[in-house]
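Count the sequence shown with the UniProt record's numbering and you get residues 1 to 263, in order.
We treat Cβ as the ideally placed atom computed from N, Cα and C, and that holds for glycine.
As the structure is a prediction and not an experimental result, all values here were calculated from the model.
Following: one structure in structure tokens, then a few remarks.
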Amino acid sequence: MIEILSPAEVERAAATGALVADILQTLRSRCTVGTNLLDVDRWARSMILDAGAQSCYVDYAPSFGRGPFGHYICTAVNDAVLHGLPHDYALADGDLLTLDLAVLLRGVAADSAISFVVGSARPPESVALIETTERALAAGIAAAGPGVRLGDVSYAIGSVLAAAGYPVNTEFGGHGIGSTMHQDPHVPNTGRPGRGYTLRPGLLLALEPWVMVDTDELVTDDDGWTLRSATGCRTAHSEHTVAITEDGARVLTLPTRAASVSS
Numbered sequence: 001m002i003e004i005l006s007p008a009e010v011e012r013a014a015a016t017g018a019l020v021a022d023i024l025q026t027l028r029s030r031c032t033v034g035t036n037l038l039d040v041d042r043w044a045r046s047m048i049l050d051a052g053a054q055s056c057y058v059d060y061a062p063s064f065g066r067g068p069f070g071h072y073i074c075t076a077v078n079d080a081v082l083h084g085l086p087h088d089y090a091l092a093d094g095d096l097l098t099l100d101l102a103v104l105l106r107g108v109a110a111d112s113a114i115s116f117v118v119g120s121a122r123p124p125e126s127v128a129l130i131e132t133t134e135r136a137l138a139a140g141i142a143a144a145g146p147g148v149r150l151g152d153v154s155y156a157i158g159s160v161l162a163a164a165g166y167p168v169n170t171e172f173g174g175h176g177i178g179s180t181m182h183q184d185p186h187v188p189n190t191g192r193p194g195r196g197y198t199l200r201p202g203l204l205l206a207l208e209p210w211v212m213v214d215t216d217e218l219v220t221d222d223d224g225w226t227l228r229s230a231t232g233c234r235t236a237h238s239e240h241t242v243a244i245t246e247d248g249a250r251v252l253t254l255p256t257r258a259a260s261v262s263s
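Here's what the structure looks like:
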């Protein structure tokens, strides 16, 4: 299903997006050396429920997972990149952590992901991965707008990833979003310009470039959810929800306030 939102629904989506972004920034500030991933999940749950919102993950049970997911946020560390199931793990200095969060507020969902290095270490390979996904995301957003073909957006994202020398997996990518978290159209992280669905005002897209250093192959953990690089290499993932408007793409998942560090 491809869902086109009314202007009022887009404004509600913007409120959801701001909540998602603020929660992610708060969690980022709390993720220090020694932080347990189960605490990250607990903090996410508290902030979602306090805002009167609903998790898109707790009851999420797609065909590719061992559902339901049962947690409030995806936490992927180092060689894990997607659907990271929170577990009893204390973050170490230099860990590359991805937080992926989707919530539903007043009937409209928003989805965003950030990757960052924990602690004071700054491994060059990890920094390069993160910066590349952020640049690819910016390129996809810049390419999106009314009348643009979906392939143009995918091509913009994939061009940045390929230029940096990273293989691109097309099994998982961006997606439509609206009254539910995952909708059509699928947005591959590489594509051919001038092809695919024509973007229209009112369409919401979750754009999410992600890469692995030296492979495009994923393996699934025994937990049935966490997807890792097949070679054990590091990974990164950046995501924004955007609304297609008459003037281009409006990013909905930008933080509105300084992150809180209270628990």
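Cutoff 7 Å; reference residue i; Cβ partners in own chain excluding five residues on either side
i      : result
Cys31  : Val40, Leu91, Leu97 and Val118
Leu37  : Thr75, Pro86, His87 and Tyr89
Thr245 : Pro201
His83  : Gly65, Cys74, Trp225, Thr226 and Leu227
Met181 : Cys56, Ala102, Ala109 and Asp111
Asp184 : Met1, Ile2 and Gly176
Heavy atom of the ligand ZN within 8 Å of residue i beta-carbon
i      : result
Ala142 : As presented, the structure is devoid of all ligands, the ligand ZN included, so that no description of it is given.
Sequence-distant residues of its chain with Cβ nearer than 6 Å to residue i (five each side left out)
i      : result
Glu114 : Note on residue identity: the sequence assigns Ile, not Glu, to residue 114. Within the same chain, Ile114 has close Cβ partners Leu24 and Leu99.
Burial state of residue i (16 or more Cβ within 10 Å)
i           : result
Leu49       : exposed
Ile2        : exposed
Arg234      : buried
Glu125      : exposed
Thr253      : buried
Pro68       : exposed
residue 342 : With the chain running from 1 to 263 in the structure shown, residue 342 is simply not present.
Pro62       : exposed
Val148      : buried
Thr198      : exposed
residue 309 : Only positions 1 to 263 of the chain appear in this structure, which leaves residue 309 out of reach.
Pairwise C-alpha distance: residue j and residue i
i           : j      : result
Phe172      : Gly34  : 31 Å
residue 301 : Val77  : The requested residue 301 does not occur in the structure, where the chain is confined to residues 1 to 263.
Gly228      : Asn169 : For clarity, residue 228 is Arg in the given sequence; the question names Gly instead. Whole-angstrom Cα-Cα distance: 12 Å.
Gly196      : Ala121 : 42 Å
Gly224      : Ala21  : 27 Å
Arg66       : Ala144 : 34 Å
Ser6        : Ala230 : 42 Å
Gly140      : Ile157 : 5 Å
Phe116      : Ala18  : 20 Å
Leu150      : Ser112 : 19 Å
Ser46       : Phe64  : 28 Å
Ile4        : Asp152 : 20 Å
Ile73       : Pro193 : 33 Å
Glu217      : Val211 : 10 Å
Asp214      : Pro167 : 7 Å
Val219      : Pro188 : 19 Å
Arg135      : Val242 : 16 Å
Gly178      : Ala162 : 30 Å
Identified DSSP bridge partners for residue i
i      : result
Trp210 : His237
His186 : His175
Phe116 : Leu97
Ile244 : Ala249
Ala76  : Thr98
Thr198 : Arg149
Leu19  : Per DSSP, none; premise fails for Leu19.
Arg228 : Ala80 and Val219
8 Å CB neighbourhood of residue i in its chain, flanking five on each side removed
i      : result
Ser262 : For Ser262, the pLDDT reaches just 37, beneath the cut-off of 50, and the residue's location in the model is therefore unreliable, leaving the point undetermined.
Notebook entry, point to check: Quick one: any contact between the stretch 207 to 215 and the stretch 235 to 254, if contact means 3 or more CB pairs under 8 Å?
Noted result: Result yes; three or more Cβ-Cβ pairs closer than 8 Å.
### Task
Spell out a yes or no on whether the stretch 55 to 75 and the stretch 101 to 116 are touching, meaning 3 or more CB-CB pairs, one atom from each, closer than 8 Å.
The answer is yes - the stretch 101 to 116 touches the stretch 55 to 75, with three or more Cβ pairs under 8 Å.
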